[in-house]
Each structure stands twice: as structure tokens, then as C-alpha cells.
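Residue 12 is where the sequence shown starts when you use the numbering used here, and the numbers rise one by one after that.
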Amino acid sequence: MATALIIGAGPNVGKACAEVFSKAGYRVAIASRTQKLDAKYRHYTFDATKPETVPALFEKVSSDLSIPSVVIFNAYAHETTLLEGPFETDLGTIQRNLNVNTNSPYFAANEAIKGFEKLGSEGLGPAGGTFIFTGNALNIAVLPRIMGFGMGKSASAHMIQHLALSAYSDKPYKFYYGDERHEDGYPMTKGLNGDAHAEEYLKLAKDPEQQAWDYTFAKGKGYINFPRQELYSWER
Numbered sequence: 012m013a014t015a016l017i018i019g020a021g022p023n024v025g026k027a028c029a030e031v032f033s034k035a036g037y038r039v040a041i042a043s044r045t046q047k048l049d050a051k052y053r054h055y056t057f058d059a060t061k062p063e064t065v066p067a068l069f070e071k072v073s074s075d076l077s078i079p080s081v082v083i084f085n086a087y088a089h090e091t092t093l094l095e096g097p098f099e100t101d102l103g104t105i106q107r108n109l110n111v112n113t114n115s116p117y118f119a120a121n122e123a124i125k126g127f128e129k130l131g132s133e134g135l136g137p138a139g140g141t142f143i144f145t146g147n148a149l150n151i152a153v154l155p156r157i158m159g160f161g162m163g164k165s166a167s168a169h170m171i172q173h174l175a176l177s178a179y180s181d182k183p184y185k186f187y188y189g190d191e192r193h194e195d196g197y198p199m200t201k202g203l204n205g206d207a208h209a210e211e212y213l214k215l216a217k218d219p220e221q222q223a224w225d226y227t228f229a230k231g232k233g234y235i236n237f238p239r240q241e242l243y244s245w246e247r
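Structure follows, in C-alpha cells:
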């Protein structure tokens with residue numbers, strides 16, 4: 012039985028992913044600062060502001076369950092700033108947010124790949140290994156008052172792109188930056204659909220082929236290659 016590790020398992024996307032992957036036959040491990048989901052899921056206390064603790068998390072999950080063949084990084088952190096003062100956020104907050112949005116995903120991807128290599132093609136099965144980072148439109152677009160959040164998402168998006176298109180393009184590993192949008196392509200500034208994420212993430216995990224690494228999707232529609240737009244307002 013394959014193991015799926017969900018890092019940042021809250022009551023929306025994390026919960027939906029845990030439910031869907033469990034029903035699909037995966038052992039599910041969830042990692043978060045506090046246990047917010049059903050006790051039937053094996054919970055591991057984890058603080059994404061401390062990237063140095065990522066290896067220990069993977070070691071524990073691998074020992075208790077099995078090496079994860081699917082890793083979903085769903086944790087995030089952000090602070091809003093004044094529209095006219097993007098540099099008002101103090102350095103400590105910027106560093107903390109980068110730890111969650113960039114540094115911990117970096118270490119998580121590294122540990123995931125180490126696990127994929129240990130499992131090998133036989134252990135991974137036909138679908139291979141999958142690493143999914145829950146992103147948003149900020150890797151290509153600007154929204155007012157959240158520059159720091161976009162910095163972290165952009166860095167992790169580049170990492171996913173590099174892993175998918177260059178570093179491991181010849182391996183049975185898949186890497187995705189998941190970005191839910193409205194059907195017209197407008198960013199989901201609120202009201203993320205956990206069930207839509209879970210449905211798409213399971214589909215990507217089961218597909219042996221690498222699909223578009225920048226996986227923009229809408230609920231009920233699946234992947235959509237939206238026209239690129241670099242600036243959005245908060246009108247919606």
C-alpha cells in the first residue's frame with residue numbers, strides 16, 4: 012500500500028486530500044502544528060517555519076508507515092502590507108514566511124526525491140513518484156499588498172519547474188505547482204475548493220506522465236491553460 016504525506020493538513024484542502032487519497036487506498040500521513048483532522052489519519056507534529064526539521068518528519072513517516080510516493084506540500088504563510096509600503100514588513104516576518112513558502116518546500120522536495128530513489132521503479136509502481144506544491148497565481152501575477160507572499164510562491168514555482176523540466180525529466184517522478192482559479196482565470200483570493208484540489212491531485216498522482224508543471228485548474232473543469240495576466244485587483 013502506497014503512502015501519501017500531506018504537509019499542512021488543515022480543514023479545507025488538507026482534509027479533502029486526506030479523505031480522497033485514503034479512499035483511493037493510500038496510507039495517509041498528515042503533518043501540521045496541531046491535529047485538526049480525524050484521528051484515523053496518522054498525525055505528525057510539524058512546524059513549517061522550521062525547515063531544518065523536515066528530514067526528521069520524513070524519517071518518522073517512512074519508519075511508521077512507508078516511504079511516501081506522494082508528497083503534497085500545502086502549508087503556507089503570508090502577511091499583508093500597505094499598498095504604498097511593500098517594505099514595511101520586518102525582516103523576521105519575511106524570513107519566517109520564506110521558511111514556510113520556500114525553504115521547507117525545498118527540503119521537502121529533496122526528501123521526497125530521496126524516498127523515490129529508495130523505492131525505485133518497483134516500489135513506486137506504474138504511477139511513479141509525485142510531489143505537489145499548493146500554489147496560487149502569484150508566481151506570474153501581482154496582487155496588491157502581498158509582495159512577500161508572492162516572493163515565496165515564485166521561488167517554489169521555479170523549483171518545481173526546474174525539477175519537472177530539467178533535473179528529473181528522465182525519471183518516473185512528477186512535480187506540480189497546483190493553482191486553482193475561477194473559470195475565467197481570476198485568482199482564488201478566497202474560498203479555495205478543497206474537493207477540487209483533492210480530485211486534481213489524485214488524478215495527477217495516478218497519471219504516470221508529467222503533465223503541465225504549472226497546473227492551473229478550475230473546479231469541475233480540470234486543467235485550463237489560462238491566458239497570462241500579470242496584474243490583478245482586489246475587486247473580487
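Just so you know, even glycine gets a beta-carbon here, dropped at the ideal spot from N, CA and C.
{"Item": "Under a Cβ-count criterion, where at least 16 other Cβ atoms within 10 Å of its own Cβ denotes burial, should lysine 129 be classed as buried or exposed?", "Value": "exposed"}
{"Item": "Under DSSP, the alpha helix (DSSP H) around lysine 5 begins and ends at which residues?", "Value": "Residue 5 lies beyond the residue range present for the chain, which begins at 12 and ends at 247; the question has no answer from this structure."}
{"Item": "Sort out for me which residues DSSP pairs isoleucine 18 with in a bridge.", "Value": "Ala42 and Phe84"}
{"Item": "My assumption, with CB atoms under 8 Å, is that phenylalanine 160 sits in contact with histidine 89. Please give the rounded CB distance.", "Value": "4 Å"}
{"Item": "In chain order, what residues of the same chain lie with their CB nearer than 6 Å to the CB of asparagine 150, ignoring the 5 residues before and after it?", "Value": "Lys164, Ser165 and Ala168"}
{"Item": "Which ranges does the beta strand (DSSP E) cover as unbroken runs of at least 3 residues, wholly within the region 148–177, from first to last along the chain?", "Value": "none"}
{"Item": "With phenylalanine 144 and glycine 202 assumed to form a contact (beta carbons below 8 Å), what rounded beta-carbon distance in angstroms separates them?", "Value": "About 20 Å separates the two Cβ atoms, so there is no contact after all."}
{"Item": "Would you grab the beta carbon distance between asparagine 110 and alanine 59 for me? Rounded to a whole angstrom, and I think it's under 8 Å.", "Value": "7 Å"}
{"Item": "From which residue to which residue does the alpha helix (DSSP H) around isoleucine 143 run?", "Value": "Not the alpha helix (DSSP H): isoleucine 143 falls in the beta strand (DSSP E), residues 140–145."}
{"Item": "Does the distance between the C-beta of isoleucine 105 and the nearest non-hydrogen atom of the ligand FAD fall short of 7 Å?", "Value": "Only the bare structure without any ligand can be found here, which leaves the ligand FAD out of the picture."}
{"Item": "With respect to the beta strand (DSSP E) encompassing glutamate 191, which residues constitute its N-terminal and C-terminal limits?", "Value": "184–191"}
{"Item": "Terminal residues of the continuous alpha helix (DSSP H) containing alanine 223?", "Value": "Taken as a continuous stretch (DSSP letters only), alanine 223 belongs to no alpha helix (DSSP H), as it is neither H nor E."}
{"Item": "Take arginine 107 as the anchor and find which of Lys125, Ala120, Ala86 and Lys182 has the nearest alpha-carbon.", "Value": "Ala86"}
{"Item": "Can you look up glycine 103 in the DSSP assignment and give me helix, strand or coil?", "Value": "helix"}
{"Item": "Taking the beta carbon of methionine 170 as the centre, do at least 16 other beta carbons fall within 10 Å, making it buried, or is it exposed?", "Value": "buried"}
{"Item": "Contact between the region 214–232 and the region 110–125: three or more CB pairs below 8 Å?", "Value": "no"}
{"Item": "Using only the alpha-carbon positions, how far apart do lysine 182 and proline 137 sit?", "Value": "12 Å"}
{"Item": "In three-state DSSP terms, what is threonine 56?", "Value": "strand"}
{"Item": "Quick one: what's leucine 242 bridged to in DSSP?", "Value": "Val153"}
{"Item": "Who are the Cβ neighbours of serine 77 in its own chain at under 8 Å, not counting the five residues just before and after it?", "Value": "Met12, Ala13, Thr14 and Arg38"}
{"Item": "For a test of the three-state rule: what should DSSP assign to proline 62, helix, strand or coil?", "Value": "helix"}
{"Item": "By a C-beta neighbour count over all protein chains shown, 10 Å radius and 16 as the cutoff for buried, is serine 301 buried or exposed?", "Value": "Lying outside 12 to 247, the shown extent of the chain, residue 301 is not represented and no answer is given."}
{"Item": "I believe proline 62 touches phenylalanine 98 by the beta-carbon criterion, under 8 Å. Please report the beta-carbon distance rounded to the nearest angstrom.", "Value": "Not quite, the Cβ-Cβ distance comes to about 24 Å (not below 8 Å), so this is no contact."}
{"Item": "With H, G and I counted as helix, E and B as strand and the rest as coil, what does DSSP make of leucine 93?", "Value": "strand"}
{"Item": "Starting from serine 5 and walking both ways along the alpha helix (DSSP H), at which residues does that stretch end?", "Value": "Any property of residue 5 remains undetermined from this structure, which presents the chain solely from 12 to 247."}
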